[in-house]
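Working notes, structure below.
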Amino acid sequence: MLTREENEFMCQTGPGTPMGEFCRRFWTPVLLSEELPEPDCTPVRTKIYDEYMVAFRDTSGRVGLLQEFCPHRLSSLFFGRNEDNGLRCIYHGWKFDVEGRCVDMMNEPEESNFKEKVRATAYPTFEGAGCVWAYMGPPHLEPPKPELECLLLPPEHMDTTKILYESNWVQVIEGEIDTVHSSILHSTLDQHDVAKRDGVGINDRYHLRGRPPEFFVEDTDGGILIGAVREAEADSNYWRISRWQFPWVTMPPGGGNGSPPEGKNALRGPIRAAFLVPIDDENCWFYLCSWHPYRPYEHDELIYKVGRGNPSRGVAPEPWKNGLIPGTWKGKANKTNDYMIDREAQRTYSFSGIPFNNGRAQDSAMTDTMGSSTTAPRWLEHLGTTDRAIIRMRRRLIQGARDLLEGVEPYAASHPETFRVRSGQSILPKGVYFTDDPDTMDALTVPSTLQPAKT
120 MLTREENEFM
130 CQTGPGTPMG
140 EFCRRFWTPV
150 LLSEELPEPD
160 CTPVRTKIYD
170 EYMVAFRDTS
180 GRVGLLQEFC
190 PHRLSSLFFG
200 RNEDNGLRCI
210 YHGWKFDVEG
220 RCVDMMNEPE
230 ESNFKEKVRA
240 TAYPTFEGAG
250 CVWAYMGPPH
260 LEPPKPELEC
270 LLLPPEHMDT
280 TKILYESNWV
290 QVIEGEIDTV
300 HSSILHSTLD
310 QHDVAKRDGV
320 GINDRYHLRG
330 RPPEFFVEDT
340 DGGILIGAVR
350 EAEADSNYWR
360 ISRWQFPWVT
370 MPPGGGNGSP
380 PEGKNALRGP
390 IRAAFLVPID
400 DENCWFYLCS
410 WHPYRPYEHD
420 ELIYKVGRGN
430 PSRGVAPEPW
440 KNGLIPGTWK
450 GKANKTNDYM
460 IDREAQRTYS
470 FSGIPFNNGR
480 AQDSAMTDTM
490 GSSTTAPRWL
500 EHLGTTDRAI
510 IRMRRRLIQG
520 ARDLLEGVEP
530 YAASHPETFR
540 VRSGQSILPK
550 GVYFTDDPDT
560 MDALTVPSTL
570 QPAKT
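Those letters in the sequence shown? Residues 120 to 574, by the numbering used here.
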């Protein structure tokens with residue numbers, strides 16, 4: 120349980136806040152690359168860490184990220200003309216390149232050098248894993264790019280999208296590392312029958328039956344490693360292994376219904392990561408990235424680009440965006456309609472009664488409604504044994520921001536190799552702890568042979 124003061128310290132990320140300064144030490148996804156589809160396309164507004172910004176792709180294909188308001192008279196650059204390798208304010212014609220340099224002033228004499236004295240606030244960017252990433256911290260402390268596996272693989276290996284959550288970012292992180300909820304909130308009333316069906320994958324076979332798991336948490340240089348264990352067969356245990364990486368990266372265990380490469384017990388099905396990026400203290404972006412480490416995706420495997428569903432559980436595949444309000448990244452099932460809860464379905468089939476496909480509605484219904492319009496009042500909680508990972512994540516996140524106040528920069532930000540990790544699942548003999556199994560730990564580490572692309 121946190122105090123009110125600790126809760127505010129952990130959750131607030133606006134300019135000048137301790138946690139906001141901590142988060143800004145890391146490269147941050149700020150929008151999807153597909154939102155800027157071509158050179159000189161329409162600019163896009165975005166808001167990250169309570170800062171209003173506008174992104175544009177210039178004539179050369181480079182992505183610029185500027186504070187939204189023109190340095191002249193603070194007009195919105197969203198309305199600007201994207202032309203000739205710069206974004207031009209339509210109020211008085213001041214034009215800025217991707218680095219924030221003013222390259223032209225239509226309302227000043229041609230011989231004036233005033234433009235050389237003016238800069239717009241601009242943040243460095245790069246593209247990877249289907250996202251545009253930006254560094255918003257002190258320029259002299261710009262870190263290397265994190266060596267997340269999804270940033271090291273070719274684009275055809277991954278599937279990426281995003282959705283708007285109407286809740287504070289930490290609440291969503293907690294939901295992602297709370298893996299025990301998936302066998303309850305996301306279950307159907309016939310889940311035990313599903314677990315007994317022929318050909319069902321190990322996730323459904325062991326995850327949907329029996330008692331709740333026991334949780335174990337290990338600190339790492341980049342965050343925490345979480346093992347949740349259930350009994351599999353008489354002589355074995357089923358481990359679901361997940362991660363949280365500073366400051367907002369989560370890696371759930373995954374579906375577990377695929378076939379791992381030979382000897383890679385912990386890799387069953389694609390690997391997933393979520394980036395829970397604060398928009399402000401009341402909303403966050405949920406970036407979802409799924410990738411195959413060893414091969415490209417097949418077309419019919421693309422959940423976010425093609426369809427999402429689980430026919431064996433009575434959920435038909437449908438395009439991901441069908442669950443979103445057209446023209447937005449917000450789910451059709453949201454606060455305004457109680458997440459489309461169907462009480463008849465709740466009585467007869469679905470444990471929650473909330474549709475599975477409508478923009479992660481089951482999860483967002485829980486995290487968006489935690490007792491406050493801003494952040495959950497955590498001083499009222501009663502935490503149990505399956506909350507160990509949540510407790511540890513909070514402690515490490517708060518300590519990281521406190522260390523920065525004392526002048527200690529976050530280790531993970533400047534050591535990109537701490538992100539070379541995976542989540543996964545393993546079947547291990549009883550009595551074998553998951554970190555003691557060399558094959559499992561090898562499979563949970565990105566191979567050293569996979570190196571960042573030359574830039």
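Note that the Cβ used here is the ideal one computed from N, Cα and C, for glycine as well.
Those runs of the alpha helix (DSSP H) which lie wholly inside the segment 449 to 518 and span at least 4 residues: 462 to 467, 480 to 486
For ILE292, the first and last residue of its enclosing alpha helix (DSSP H): 288 to 296
Residues near LEU283 in its chain [Cβ-Cβ closer than 6 Å; skip 5 each side]: TRP448, LYS449, listed in sequence order.
Reference ALA480, options GLY180, TYR406, ALA452, HIS411, closest by Cα: Put simply, of GLY180, TYR406, ALA452, HIS411 the residue whose alpha carbon is nearest the alpha carbon of ALA480 is ALA452.
Residue range of the unbroken alpha helix (DSSP H) whose run includes THR559: 557 to 562
Whole-angstrom C-beta distance between LEU185 and GLY133, which should lie under 8 Å: In fact, because the Cβ distance is near 19 Å, the residues do not count as touching under 8 Å.
Where ILE565 sits in the DSSP three-state scheme: Checking the sequence, you will find Val at residue 565 rather than Ile. Three-state DSSP puts VAL565 in coil, outside helix and strand.
Cβ neighbours of VAL336 in the same chain (closer than 6 Å, five flanking residues each side left out): ILE343, ILE345, ARG507, ALA508, ARG511
Beta-carbon proximity of THR494 to ASP555, cut-off 8 Å: no
Residues that DSSP places opposite GLN74 in a beta bridge: Residue 74 is absent from the model: the chain starts at 120 and stops at 574.
Backbone CA spacing between TRP252 and ASP309 [nearest angstrom]: 42 Å
DSSP three-state assignment for GLY382, whether helix, strand or coil: With a pLDDT of 49 at GLY382, under the threshold of 50, the modelled position of that residue is not reliable, and the figure given next carries that caveat. Secondary structure of GLY382 (DSSP, three-state): coil.
Neighbour-count burial assignment, LEU569, 16 or more Cβ in a 10 Å radius: exposed
Reduced DSSP secondary structure (H/G/I, E/B, other) of THR73: Outside the shown range of the chain, which is 120 to 574, sits residue 73, and nothing can be said about it.
Nearest candidate by alpha-carbon position, reference THR147, set ASP340, TYR413, CYS403: CYS403
Identified DSSP bridge partners for CYS221: PHE215
Validate contact between the segment 265 to 276 and the segment 528 to 539 using beta carbons, cut 8 Å, 3 pairs: yes
When THR161, ARG349, THR339, GLU187 are compared against LYS575, the one with the closest alpha-carbon: No answer is possible for residue 575: the residues shown for the chain start at 120 and end at 574.
Proximity winner among TRP213, PRO274, TYR242, relative to PRO228 (alpha-carbon distances): Checking every option, the nearest Cα to that of PRO228 belongs to TRP213.
Enclosing alpha helix (DSSP H) for GLU268 [first to last residue]: 268 to 271
Neighbour flag for GLU125 against chain B, beta carbons, 8 Å: The structure shown contains no chain B; it holds only a single protein chain.
Three-state class that DSSP yields for PHE405 in the structure shown: Reduced to three states, the DSSP call for PHE405 is strand.
Through-space distance from TYR423 to PRO438, alpha-carbon basis: 7 Å
Whole-angstrom distance between ARG414 and ARG359, CA atom to CA atom: 23 Å
Where PHE334 falls, given that 16 or more other Cβ within 10 Å makes a residue buried: By the 10 Å Cβ count, PHE334 comes out buried.
Status (buried if at least 16 other CB within 10 Å, exposed otherwise) for PRO529: buried
Close beta carbons around ASP169, own chain, < 8 Å, minus the five adjacent residues each side: THR132, GLY133, PRO134, GLY139, PRO397, ILE398, ASP399, ASP400
Meets three-Cβ-pair contact criterion under 8 Å: the segment 457 to 471 and the segment 275 to 295: no
Backbone secondary structure at ARG192 - three-state DSSP: Correct three-state label for ARG192: coil.
Close-in-space but distant-in-sequence residues of the same chain around ASP487 (CB under 7 Å, 5 per side omitted): Correct list, in chain order: TYR284, GLU285, SER286, LYS454.
Whole-number beta carbon distance between ALA532 and ARG144, since they are thought to touch under 8 Å: 4 Å
Sequence-distant residues of the same chain with beta carbon closer than 6 Å to GLY294, five excluded per side: Contacts found: ASP482, THR486.
Reference LEU151; option with closest CA among VAL217, ALA239, PRO372, LEU407: LEU407
Where ALA353 sits in the DSSP three-state scheme: coil
Selection from VAL527, ALA520, SER301, ARG181 that minimises the alpha carbon distance to PHE365: That would be ALA520, whose Cα lies nearest to the Cα of PHE365.
Which of helix, strand or coil DSSP assigns to CYS142: helix
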